[in-house]
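In what follows, a single structure is set out as structure tokens and then discussed.
2 protein chains.
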Amino acid sequence: MIRRELVEIGQRAKQAARQLAYASTESKNKALLAMAEALLENEQEILRANTIDVQAAEDKGIKKSLINRLRLTSQGISNISSALREVVNLKDPVGEGEVWTRPNGLRILQTRVPLGVVAMIYEARPNVTVDAAALCLKSGNSVILRGGSEALESNKALAKVIAKAAEDSGLPAGCIQLITETDREWVQQLMRMNEFVDVIIPRGGAGLIQTVVQYATVPVIETGTGMCHAFVDRDADYEKAIPIVINAKTQNPGVCNALETLLVDETIAEDFLPKVEEELKKHHVALKGCPRTCAILPNALPAEEDDWVLEHLDLVLSVKVVSDLDAALDHIYRYSTKHSETIITENYSKAQRFLKEVDAAVTYVNASTRFTDGGRFGFGAEIGISTQKLHARGPMGLKELTTIKYMVYGDGQIVT
Amino acid sequence: MIRRELVEIGQRAKQAARQLAYASTESKNKALLAMAEALLENEQEILRANTIDVQAAEDKGIKKSLINRLRLTSQGISNISSALREVVNLKDPVGEGEVWTRPNGLRILQTRVPLGVVAMIYEARPNVTVDAAALCLKSGNSVILRGGSEALESNKALAKVIAKAAEDSGLPAGCIQLITETDREWVQQLMRMNEFVDVIIPRGGAGLIQTVVQYATVPVIETGTGMCHAFVDRDADYEKAIPIVINAKTQNPGVCNALETLLVDETIAEDFLPKVEEELKKHHVALKGCPRTCAILPNALPAEEDDWVLEHLDLVLSVKVVSDLDAALDHIYRYSTKHSETIITENYSKAQRFLKEVDAAVTYVNASTRFTDGGRFGFGAEIGISTQKLHARGPMGLKELTTIKYMVYGDGQIVT
Chain A
1 MIRRELVEIG QRAKQAARQL AYASTESKNK ALLAMAEALL ENEQEILRAN
51 TIDVQAAEDK GIKKSLINRL RLTSQGISNI SSALREVVNL KDPVGEGEVW
101 TRPNGLRILQ TRVPLGVVAM IYEARPNVTV DAAALCLKSG NSVILRGGSE
151 ALESNKALAK VIAKAAEDSG LPAGCIQLIT ETDREWVQQL MRMNEFVDVI
201 IPRGGAGLIQ TVVQYATVPV IETGTGMCHA FVDRDADYEK AIPIVINAKT
251 QNPGVCNALE TLLVDETIAE DFLPKVEEEL KKHHVALKGC PRTCAILPNA
301 LPAEEDDWVL EHLDLVLSVK VVSDLDAALD HIYRYSTKHS ETIITENYSK
351 AQRFLKEVDA AVTYVNASTR FTDGGRFGFG AEIGISTQKL HARGPMGLKE
401 LTTIKYMVYG DGQIVT
Chain B
1 MIRRELVEIG QRAKQAARQL AYASTESKNK ALLAMAEALL ENEQEILRAN
51 TIDVQAAEDK GIKKSLINRL RLTSQGISNI SSALREVVNL KDPVGEGEVW
101 TRPNGLRILQ TRVPLGVVAM IYEARPNVTV DAAALCLKSG NSVILRGGSE
151 ALESNKALAK VIAKAAEDSG LPAGCIQLIT ETDREWVQQL MRMNEFVDVI
201 IPRGGAGLIQ TVVQYATVPV IETGTGMCHA FVDRDADYEK AIPIVINAKT
251 QNPGVCNALE TLLVDETIAE DFLPKVEEEL KKHHVALKGC PRTCAILPNA
301 LPAEEDDWVL EHLDLVLSVK VVSDLDAALD HIYRYSTKHS ETIITENYSK
351 AQRFLKEVDA AVTYVNASTR FTDGGRFGFG AEIGISTQKL HARGPMGLKE
401 LTTIKYMVYG DGQIVT
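Residue numbers (UniProt numbering), protein chains in the order written: chain A, 1 to 416; chain B, 1 to 416.
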């Protein structure tokens, strides 16, 4: 049995979704601008709430990088507010579509409509509360948010401000709701509320995502775990290979599209590895190598099985020497989480084989895996990066928060 | 723990999928033609196997309509073979896509690729074994089939013939596999083989589909339960309304797009109901009515709550008098399974409201719900009709058996 409070949240969300489904783009944009304004106006209240979260995290001795993600500043709130204004400028996918006419005269429209009720389950960063709500609203969905307990006070303040602004501007009550109960049972029930929730999008670490996949009966869009590889082929141009490896590993090591494993063709390993190591050292990257790598690079630590399986999400790079492209493809086939994979080569046929044979959301030739991002792909904003194959794959923008619906115009047709 | 035999089936399917993903359309079509030929050549073997199933079903006293679905004839096998040839003529969606170039010169291709491994769980009709395998192969997927136990011998014969033909023509071993074990534990494990299976498509009754949705951790595409409504508005043209109601209810009452509930505007109920009843009587349709319907039609039986909730899938129609369009929309909102819904009206604004406000895969004006079908929509063939919102909605053809993949062509780009 789903507990009464959750059923009420579900009913409100579903009721709001029914109205939001045919809200005009104008009315949704008006709400987004009101939300952006309200964040600035209520900055002090939000910062006060955030201070409580940060203090509690510090008292618990949570590590500094996580506390930094949690912390809001006046500038941070201004950035969140600006991001909201950018969502206003994105094209509303609702109502777009195609039309064709059947020989019997039936006119069939395939049009984009909102998914309905989207539940977001996410971890530390409070800005997700606002980003996710904005993208869901713009695409005509109501949203149920369930953030991490460390950010509870911040999320409560943010959600209160934006929900009020959205409702005051005319959107239906219940279009943005935050679950403020941190008891695990609530989130477990949320994952099974098929009657009220159309899709769950988990955003966070591999543990959170696996829990949702295993436990949910509501359809899930898996996001984010990125065990990304770069294969430096014997025909690579070092002028491209070294900057790409450095960029993919160091530009933002804590994110899902960062490089985790470097595969190097054995033909060039003795020449290439010391050169790339020198550059990696300047960026304080520690290496975990296969036996052949360790023989070439005495400073590398021996890699263990987990180094090929799990994301470091840190300034650590696993390195393996492979016999050729086939061996690289086999390694990637075995360990890839199907997020982003890149080959560095000047060889046409090997580039094409890599693009074709690697099964991942994004396959690259001669480019950094860090490009896997809705903004960098030109989508304007993203709600996450799907690593599953159903519904959405790779960076998800507004379109991925919609589904299709057929509208058929007849004048008395029956089947024969 | 997944049992060893299933892990082996999963590994073979995954290995086959890796090769099938880049099989040419030519090689897939060659295999489909060989499969069509092999069915005709092995007709006797297939019919013998089918006789065993039919005999067993008769011994068990299974009802006649189900036995008819199960029974194969020489003509039936010829039809299945012809259907295979039609799949050859369908356009292969794999490799289609779009391309754009980012300001930094990155060329991004968004292309269609197969899902990978598709598991089909279905009930009685043995032709599904061949249809599903053909559509999966054509779209580059390997398929794991698990049919109903009543059709086991027929399915074994069919799967053996088509799998051998496909492999002999050059497709990878394991591209078509049938689970021949009818123990429930096997299908339960199949639903949780996320490592090997990319999607599960259940086809059958509401019970089967709910079991899969509740139990599977592999992503599911729900198909088929159709609690379809027709609303005859006060502005309806009876010349359209009566044929549409008759067609939607009687042309094939056992299928998911057949009409289950008739809603009639109170303004015309006393006039319209006796007229439609007269025609329905000619087709031997029994009526279950709300109190107001029963007052107008003394022959109607009183409807119970279940008559609004569950598909009759038979020559039975539930009938309710409603006060207006809003009341009809509320009834549909409450009871619809979001499959197919139709309004019969000459009123422009009410038609538009119905199309827009009813949340279903297909909404119609002045047409029979029976048109919700891949063939009738112009898709050529269908693997099922999705009643969920994620990935696919409405009739699913080859395109819905694919996903997308991004291929990015760079020349040294890094993010800044």
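Don't be surprised by glycine CBs; every beta carbon is placed ideally from N, CA and C.
Among the residues facing chain B, residue 391 (chain A) is included, as its CB has a counterpart in that chain under 8 Å away. Only 391, 393, 394, 403, 404, 405, 406, 407 and 408 from the segment 391 to 408 of chain A bring a Cβ to less than 7 Å from some Cβ of chain B.
Nearest CB-CB separation between residue 349 (chain B) and chain A: not below the 8 Å threshold.
Taking a C-beta distance under 8 Å as the contact criterion, residue 398 (chain B) and residue 137 (chain B) do not qualify as a contact pair.
Taking 8 Å as the upper bound for CB-CB distance, residue 213 (chain B) and residue 344 (chain B) are not in contact here, some 33 Å apart. The three-state reading of DSSP puts residue 257 (chain A) in coil, since its state is none of H, G, I, E or B. For residue 296 (chain A), there are no neighbours in chain B by C-beta distance under 9 Å, as the nearest C-beta there is about 25 Å away. CA-CA distance, residue 66 (chain A) to residue 111 (chain B), rounds to 37 Å. When DSSP reads this structure, residue 409 (chain B) sits in a beta bridge with A:365 and B:107.
Per DSSP, the beta-bridge partners of residue 262 (chain B) are B:230 and B:319. Interface flag for residue 127 (chain B) against chain A is unset, since no Cβ pair is found closer than 8 Å. The C-beta distance from residue 126 (chain A) to residue 166 (chain A) rounds to 18 Å, too long to meet the 8 Å contact threshold. For residue 162 (chain A), the enclosing alpha helix (DSSP H) starts and ends at 152 to 168. Using a 10 angstroms sphere on the CB of residue 1 (chain A), the tally of other CB atoms stays under 16, which defines it as exposed.
The beta carbon of residue 392 (chain A) sits closer than 8 Å to those of 221, 386 and 400, all from its chain and outside the five residues before and after it, given in chain order.
Within the segment 365 to 379 of chain B, the residues whose Cβ lies closer than 9 Å to any Cβ of chain A are, in chain order, 365, 366, 367, 368, 370, 371, 372, 373, 376, 377 and 378. Not one beta carbon of chain A lies nearer than 8 Å to the beta carbon of residue 200 (chain B). Between the segment 405 to 412 of chain B and the segment 95 to 115 of chain B, the count of C-beta pairs closer than 8 Å reaches three or more; the two stretches touch. By the beta-carbon neighbour count (other beta carbons within 10 angstroms, threshold 16), residue 99 (chain B) is exposed.
In this structure, DSSP gives residue 199 (chain B) an extended state, which the three-state scheme calls strand. Here residue 237 (chain B) has 346 as same chain residues with Cβ atoms under 6 Å from its own Cβ, once five neighbours each way along the sequence are excluded. Taking all protein chains in view, the Cβ of residue 301 (chain B) is surrounded by fewer than 16 other Cβ atoms within 10 Å, so the residue is classified as exposed.
DSSP, read as helix, strand or coil, puts residue 311 (chain A) in coil. Residue pairing of residue 177 (chain B) in beta bridges, as defined by DSSP: B:144. Contact between the segment 59 to 78 of chain B and the segment 160 to 174 of chain B is absent: fewer than 3 CB-CB pairs across the two stretches fall below 8 Å. Interface criterion not met: the Cβ of residue 335 (chain A) is under 8 Å from no Cβ in chain B.
Taking a C-beta cut-off of 7 Å against chain A, the contacting residues of the segment 98 to 115 of chain B are 100, 102, 106, 108 and 115, listed in chain order. Taking the C-beta atoms as reference points, residue 264 (chain B) is found nearer than 8 Å to residue 273 (chain B).
Contact between residue 145 (chain B) and residue 124 (chain B) fails: their C-beta atoms lie close to 14 Å from each other, not under 8 Å. The C-beta separation of residue 226 (chain B) from residue 337 (chain B) comes to about 6 Å, placing the pair in contact by the 8 Å criterion. According to the DSSP assignment, residue 91 (chain A) belongs to no beta strand (DSSP E), since it is labelled neither H nor E. Residue nearest to residue 153 (chain B) within the set B:179, B:328, B:49 and B:394 is B:49 (criterion: CA-CA distance). Taking all protein chains shown into account, residue 403 (chain B) has 16 or more neighbouring C-beta atoms within 10 Å of its C-beta and is therefore buried. Around the beta carbon of residue 82 (chain B), fewer than 16 other beta carbons lie within 10 angstroms, which makes this residue exposed.
A distance below 6 Å between beta-carbons, with the five flanking residues on each side excluded, links residue 6 (chain A) to the following residues of its chain, in chain order: 189. Cβ-Cβ distances below 6 Å link residue 368 (chain B) to 244, 247 and 248 in the same chain, with the five nearest sequence neighbours on each side left out; the list follows chain order.
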